[in-house]
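S.K.: Input: one structure, supplied below.
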Amino acid sequence: MIVFVATLCVMRLMGKRQIGEMQPYELVITLIIADLACIPLADHSIPLLYGLVAILSVYFLHQIICLLDLRFPAAKAVVSGVPSIVLNKNGIDDAELKKNNLDVSDLIESLRVEGYFALDAVEYALYEAGGTFSALPKKNYMDLQKSLPIVLIDEGKFDDKNVELTERDRQYYLDILKQNGCTLPRTLVMTVDGNGKAYLQEKGEKYRTVDLAWQKQLW
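See below:
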């Protein structure tokens with residue numbers, strides 16, 4: 001009971017953000033506190049005071065880091081990290097994705113969770129230092145996502161299941177790439193919606209949209 005009350009008090013003293021959106025160092029401190037709280041409970045030979053002193057020591061360490069975080073911007077960037085803009089007016093920033101151990105499918109999933117299904121419907125997208133995702137849509141974003149886009153090419157590789165869904169074959173899309181001066185190995189992503197609007201981007205290049213002029217809406 002004493003360890004529970006002490007741990008609860010320390011977590012409350014750490015503030016609202018510790019309970020909600022945590023910075024990386026706060027997650028580490030939370031895990032350490034949980035481990036320290038278990039030590040005197042699991043081993044009765046260890047005095048209870050040792051566990052309480054350890055938990056309070058970690059709390060004071062947290063306060064020191066928070067002080068550095070608030071007073072010194074450079075220290076904040078090192079300890080907490082900085083937001084990563086992974087999608088901008090030129091399209092997907094592959095380098096920023098890789099820096100955060102993410103890929104195009106992770107970005108597309110995050111966009112869908114926020115309600116944005118077309119890559120060209122978003123002006124900017126970024127991952128905050130705490131790992132949360134934010135996106136700024138274009139003014140006419142609803143007009144740009146009238147049909148659900150599916151991924152045909154991801155990091156230079158075809159998704160054959162989605163290709164089959166479009167009632168076309170690989171060669172059809174290879175010809176589209178060739179017409180737009182692209183090659184399969186350098187293609188970062190290619191999506192197409194049910195109306196035939198394709199989003200195409202090569203690695204390190206600005207994205208483009210291509211109207212495939214389909215005669216009917218497929219889905």
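If you're matching positions, the sequence shown starts at 1 in the numbering used here and goes up one per residue. Glycine is no exception: its CB is placed at the ideal position from the N, C-alpha and C atoms. In this text, all values refer to a predicted model and were calculated from it rather than measured experimentally.
Give the straight-line distance between the Cα atoms of residue 3 and residue 33, rounded to the nearest whole angstrom.
M.R.: 11 Å
S.K.: Check for me: the alpha helix (DSSP H) holding residue 94 runs from which residue to which?
M.R.: 94–99
S.K.: Three-state secondary structure (DSSP) at residue 179?
M.R.: helix
S.K.: Please work out which residues of its chain come closer than 6 Å, Cβ to Cβ, to residue 144, disregarding the five sequence neighbours upstream and downstream, and give them in chain order.
M.R.: 118, 120, 121
S.K.: Tell me which residues share the same chain as residue 6 and place their Cβ nearer than 7 Å to its Cβ, disregarding the 5 neighbours each side in the sequence.
M.R.: 52, 55
S.K.: Under the rule that 16 or more other beta-carbon atoms within 10 Å means buried, what is residue 110, buried or exposed?
M.R.: Buried: at least 16 other Cβ atoms inside 10 Å.
S.K.: Confirm, please, whether the CB-CB distance from residue 97 to residue 86 is below 8 Å.
M.R.: yes
S.K.: Roughly how far, in whole angstroms, is the beta-carbon of residue 92 from the beta-carbon of residue 151, given that I think they are within contact range, below 8 Å?
M.R.: Wrong, their Cβ atoms sit about 12 Å apart, outside the cutoff.
S.K.: Would residue 153 and residue 210 be called neighbours here (beta carbons separated by less than 8 Å)?
M.R.: no
S.K.: Could you tell me the distance, in whole angstroms, from the CA atom of residue 129 to the CA atom of residue 71?
M.R.: 17 Å
S.K.: For the alpha helix (DSSP H) containing residue 82, name the first residue and the last one.
M.R.: Per DSSP, residue 82 belongs to no alpha helix (DSSP H) and is neither H nor E.
S.K.: Am I right that residue 231 and residue 212 are in contact with their C-beta atoms under 8 Å? What's the rounded C-beta distance?
M.R.: The question about residue 231 has no answer here: the residues shown for the chain are numbered 1 through 219.
S.K.: Between which residues of its own chain and residue 81 is the CB-CB distance below 6 Å, once the five residues before and five after are set aside?
M.R.: 129
S.K.: Which two residues bound the contiguous beta strand (DSSP E) that contains residue 202?
M.R.: 197–202
S.K.: Buried or exposed: where does residue 132 fall if 16 or more other Cβ atoms within 10 Å of its Cβ makes it buried?
M.R.: With fewer than 16 other Cβ atoms within 10 Å, it is exposed.
S.K.: With residue 59 and residue 10 assumed to form a contact (beta carbons below 8 Å), what rounded beta-carbon distance in angstroms separates them?
M.R.: 5 Å
S.K.: Would you check if the distance between the CB atom of residue 167 and the CB atom of residue 218 is smaller than 8 Å?
M.R.: yes
S.K.: Using the Cβ count rule (16 or more neighbours within 10 Å means buried), how would you classify residue 183?
M.R.: Exposed is the call here.
S.K.: Mapping the DSSP letters down to three states, classify residue 216 as helix, strand or coil.
M.R.: coil
S.K.: Would you identify the three-state DSSP class for residue 69, choosing helix, strand or coil?
M.R.: helix
S.K.: Could you tell me the alpha carbon to alpha carbon distance between residue 208 and residue 124, rounded to whole angstroms?
M.R.: Residue 208 and residue 124 have their alpha carbons spaced roughly 16 Å apart.
S.K.: Please look up how many angstroms separate the CB atoms of residue 40 and residue 31, rounded, as I've assumed it's under 8 Å.
M.R.: That belief does not hold up - the Cβ atoms of residue 40 and residue 31 are roughly 17 Å apart, past 8 Å.
S.K.: Residues bridged to residue 137 by DSSP?
M.R.: 122
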